[in-house]
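Below you'll find the structure, written out as structure tokens, and then a few comments.
2 protein chains.
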Amino acid sequence: MAKHSTYVGALSPEYALLGFLEQGATHGYDLHRRLLFHLGQIWHISQSQCYNILKRLEAQGDIVGELYEQPRLPDRRIFHITEQGRARFEDWLATPTGCSVRAIRVEFITRLYFAHLRGSGEAERLIQNQVEIVRQGLERLQSAQKTFAPEQTFNRLGLEFRLQQLRAALDWLQNCVKTLQGD
Amino acid sequence: MAKHSTYVGALSPEYALLGFLEQGATHGYDLHRRLLFHLGQIWHISQSQCYNILKRLEAQGDIVGELYEQPRLPDRRIFHITEQGRARFEDWLATPTGCSVRAIRVEFITRLYFAHLRGSGEAERLIQNQVEIVRQGLERLQSAQKTFAPEQTFNRLGLEFRLQQLRAALDWLQNCVKTLQGD
DNA sequence: TGAGATATACTCACTGGGTGAGTATATCTC
DNA sequence: GAGATATACTCACCCAGTGAGTATATCTCA
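Chains as they are written, first to last, in the working numbering: chain V, 10 to 192; chain F, 10 to 192.
Written out as structure tokens, the structure reads:
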């Protein structure tokens with residue numbers, strides 16, 4: 010069940026789509042439009058990729074589509090989220106985000122978006138959790154830094170880069186709280 | 010020719026492999042080991058992915074492999090870089106890296122690695138170029154910041170995140186010069 | 001009035017990044 | 001003498017992502 014891919018590159022917008030569908034049934038075209046409008050700076054997803062994901066979600070049983078014929082426009086498939094899909098989404102929303110920069114930029118902000126919509130301080134809790142995770146990640150990287158052989162200059166540089174990025178992410182997280190309060 | 014993929018996710022270690030092969034012919038197992046040792050913090054590549062790429066490079070004519078039978082160990086395929094492959098590599102090395110954080114962390118550091126090996130100030134020039142590119146990117150993002158509708162809080166947050174990350178990258182670049190001089 | 005852009009809605013075939021498991025042998029270690 | 005580790009590569013698979021194509025309706029502006 011809920012067999013998450015383990016490798017870090019696997020940041021699929023499928024949960025964003027599930028999240029939109031959790032708010033109510035709709036069709037692929039609309040989902041793509043909403044993704045662009047609300048999270049377009051986070052996800053850069055083509056229309057066809059959107060449909061690809063919907064196809065997969067349907068095959069997995071997270072959503073079901075019903076065909077509606079329209080008089081003159083192309084037929085629509087309206088997707089509904091299933092109980093299984095809803096459970097997967099809730100599960101994902103409660104899963105802490107890793108501390109890679111990419112995970113924060115993409116997965117964390119997406120989670121934050123849906124948590125914020127629900128109100129009641131969920132977003133703030135999410136941020137505080139993430140601050141803790143990033144702090145721990147920083148410590149881990151800092152101790153890893155000492156283990157390099159001197160000839161591995163570029164591995165060291167790579168690690169320093171990640172450290173700087175994580176520190177910046179931490180600053181951003183702390184600023185995030187204020188931004189979300191002020192709107 | 011040199012049909013680069015256009016989308017940002019496309020950061021293939023193929024050029025790193027070409028770069029190693031440009032230093033001399035060798036086999037897949039050794040290439041994977043070298044990639045891990047010298048750039049393991051930059052590329053997280055499984056063995057099979059390494060072989061996948063070699064297969065593609067051979068199909069494209071950038072490298073050629075010759076089979077060597079060994080008495081008791083598995084056969085080896087020794088790969089040589091072709092003239093076309095060498096040209097592709099040189100081309101890539103001279104191409105400026107984009108200003109996404111990921112591109113810098115991965116592509117830029119890889120370029121820097123090979124430029125540094127050649128000496129004669131190539132690495133320093135690369136860094137100075139990149140500083141300029143990142144500065145321009147920062148300005149572009151800063152002006153994009155003003156164009157958001159007020160309801161697009163999360164797009165704005167996403168953009169702020171990228172801004173912070175780029176500023177940190179700029180600091181890192183400036184530090185880089187010192188690190189490379191001091192070894 | 002009529003040409004061209006833009007919106008609606010989806011399909012298809014493809015590339016390429018990435019993984020995990022499997023194969024078979026030799027040597028090192030305890 | 002058993003079990004880990006190194007050598008060297010193959011295979012089948014998943015999924016992220018793209019670009020082009022299809023077909024119609026409405027809006028825009030000269």
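Just so it is clear, CB atoms sit at the ideal spot from N, CA and C, and this is done for glycine as well.
When the Cα atoms are used, Q174 of chain F and Q145 of chain V turn out to be separated by approximately 19 Å. Take the alpha-carbon of Q154 of chain V and the one of R165 of chain V: they are about 7 Å apart. Within the stretch 76–140 of chain F, the runs of alpha helix (DSSP H) that reach at least 4 residues and sit entirely inside it are, in chain order, 92–103, 118–127. By the neighbour-count definition (other C-beta atoms within 10 Å, threshold 16), Q93 of chain F is an exposed residue. Here the stretch 174–186 of chain F does not lie against the stretch 129–149 of chain V, with fewer than 3 beta-carbon pairs under 8 Å apart.
Annotated three-state conformation of G70 of chain F is coil, per DSSP. Secondary structure of H36 of chain F (DSSP, three-state): strand. Rounded to whole angstroms, L150 of chain V and I90 of chain V show a C-alpha spacing of 40 Å. Straight-line spacing of the CA atoms in R171 of chain V and I51 of chain F works out to 10 Å. For F98 of chain V, the closest Cβ of chain F is not nearer than 7 Å. When the five nearest sequence neighbours on each side are left out, the beta carbons in the same chain lying within less than 7 Å of the beta carbon of G28 of chain V are those of F98, F123, in order along the chain. Excluding sequence positions up to five before and after K64 of chain F, its CB lies less than 8 Å from no other CB in the same chain. Its Cα nearest to that of P22 of chain F, the residue F:I62 stands out among F:L30, F:D39, F:I62, F:Q32. Put simply, of V:A158, V:G49, V:T35 the residue whose alpha carbon is nearest the alpha carbon of V73 of chain V is V:T35. Setting aside the 5 residues that flank it on each side, L147 of chain V is surrounded in the same chain by L175, each with a C-beta closer than 6 Å to its C-beta; the list follows chain order.
Counting along the chain, the unbroken alpha helix (DSSP H) around E23 of chain F starts and ends at 23–31. Cα atoms of G37 of chain F and L30 of chain F: separation of roughly 10 Å, rounded to the nearest angstrom. Secondary structure note for T156 of chain F: it is in no alpha helix (DSSP H), with a DSSP letter that is neither H nor E. Around the beta-carbon of T119 of chain F, 16 or more other beta-carbon atoms lie within 10 Å, marking it buried.
Using a Cβ-Cβ cut-off of 7 Å, L182 of chain F does not count as an interface residue toward chain V, since no Cβ of chain V sits closer than that to its own. Contact of I136 of chain F with chain V by beta-carbon distance below 8 Å is absent, the smallest such distance being about 11 Å. Taking the beta carbon of V110 of chain V as reference, the chain F residues within 7 Å of it are V110, Q174, listed in sequence order. The beta carbon of Q56 of chain V is closer than 7 Å to those of H41 in its chain, skipping five residues each way along the sequence.
For A124 of chain V, the nearest beta carbon of chain F is not closer than 7 Å to its own beta carbon. In the structure shown, I62 of chain V adopts helical secondary structure according to DSSP, grouped into three states. R43 of chain F and V110 of chain V have their C-alpha atoms roughly 26 Å apart.
Leaving aside the five residues that flank V143 of chain V on each side, the residues in its chain whose CB is nearer than 8 Å to its CB run, in chain order, C108, I113, L175, A178, L179, L182. E78 of chain F sits away from I87 of chain F, with the two beta carbons spaced by 7 Å or more. Burial state of G167 of chain V is buried, judged by a 10 Å Cβ sphere holding 16 or more other Cβ atoms. Note on Q190 of chain F: under 16 other CB atoms within 10 angstroms of its CB, so exposed under the neighbour-count rule. Contact note: L168 of chain F reaches chain V through Q50, using a C-beta cutoff of 9 Å and chain order. Interface with chain V (7 Å Cβ-Cβ cutoff): A177 of chain F is included.
Sequence-distant partners of N138 of chain V (beyond 5 residues in either direction) whose C-beta falls short of 8 Å from its own C-beta, in its chain, are P105.
The C-beta separation of F163 of chain F from L48 of chain V comes to about 6 Å, placing the pair in contact by the 8 Å criterion.
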